[in-house]
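In UniProt numbering, the protein residues as written are 1 to 170.
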């Protein structure tokens, strides 16, 4: 229920509010498109310091948000208790990425080095821009590095390292 390794969970969103009086919740989804969070029938909500499994019974896109109805959450008061809870799934629920494709959660925390071996820091998070994704690398200073083939020359998940063709002075 909530005893698995914390690294086995992948964050997909957060319960952001109430929808109606019947126990539905509003969800802020990190998936693209937003309603893809509804593809997973089991959600894990962070309740305090543990993850608790909830079955997703119904859900739909509602404007820019997603609304969902979870098993055992039958009224507004029960739904209110979930506001602010992170929503995750287990890593096993995700499809395997194709070769050369990565989940953002797998890149966060990797050490970033130039092709010449100079350390730049660690991937703190990623941002989506209109053109491409961007690595936010925290080191002696923050760097924004485009996640494109011309710049990212290697990703070694087992070794915990990402190699970039990037001027360390930039």
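Idealized CB from N, CA, C, for every residue including glycine. The structure displayed is predicted, hence computed values, not measured ones.
How big is the Cα-Cα spacing for residue 93 and residue 113? Mapped onto the chain shown, residue 93 falls at position 93. Mapped onto the chain shown, residue 113 falls at position 113. Spanning the two alpha carbons is a distance of roughly 31 Å.
State yes or no: is the C-beta of residue 160 within less than 9 Å of the C-beta of residue 111? Position 160 of the chain shown, counted from the start, is the residue given in the question as residue 160. Position 111 of the chain shown, counted from the start, is the residue given in the question as residue 111. For residue 160 and residue 111, yes; Cβs fall inside 9 Å.
Proximity to residue 75 [Cα-Cα], best of 142, 21 and 134: If you number the chain shown from 1, residue 75 lands on position 75. Checking every option, the nearest Cα to that of residue 75 belongs to 21.
Does DSSP put residue 91 in a helix, a strand or coil? In the chain shown, residue 91 corresponds to position 91, counting from 1. In this structure, residue 91 counts as helix in the three-state DSSP scheme.
At what residues does the beta strand (DSSP E) containing residue 156 begin and finish? Position 156 of the chain shown, counting from 1, holds the residue named residue 156. Segment 152 to 156, the beta strand (DSSP E) holding residue 156.
Any idea what DSSP makes of residue 68, helix, strand or coil? By one-based count along the chain shown, residue 68 stands at place 68. Residue 68 falls in the strand class under three-state DSSP.
Looking at the structure shown, is residue 204 part of a helix, part of a strand, or coil, going by DSSP? Nothing about residue 204 can be read from this structure; the chain reaches only from 1 to 170.
Whole-angstrom C-beta distance between residue 91 and residue 8, which should lie under 8 Å: Sequence index remark: in the chain shown, residue 8 carries index 8 (1-based). Sequence index remark: in the chain shown, residue 91 carries index 91 (1-based). Indeed, because the Cβ distance is near 5 Å, the residues count as touching under 8 Å.
Could you tell me how far apart the beta carbons of residue 79 and residue 73 are, in whole angstroms, since I believe they sit closer than 8 Å? Taking the chain shown and counting its residues from 1, one reaches residue 79 at position 79. Taking the chain shown and counting its residues from 1, one reaches residue 73 at position 73. Yes, residue 79 and residue 73 are in contact; Cβ-Cβ is about 5 Å, under 8 Å.
So that I know if they touch, is there some Cβ in chain D lying closer than 9 Å to that of residue 145? The chain labelled as chain D is not found in the depicted structure, where only one protein chain is given.
Which of helix, strand or coil does DSSP assign to residue 128? Position 128 of the chain shown, counted from the first residue, corresponds to residue 128. Strand, per DSSP.
Can you name, in chain order, every residue of its own chain whose Cβ lies under 8 Å from the Cβ of residue 103, other than the five neighbours on each side? On the chain shown, residue 103 is found 103 positions in, with the first residue counted as 1. The residues are 10, 94 and 97.
Can you tell me which of the three DSSP states residue 76 falls into? Locating residue 76 in the chain shown gives position 76, counting from the first residue. Residue 76 falls in the helix class under three-state DSSP.
Put residue 13 into one of helix, strand or coil per three-state DSSP. As a first step, residue 13 is located in the chain shown; it is residue number 13 there, counting from the start. Strand at residue 13.
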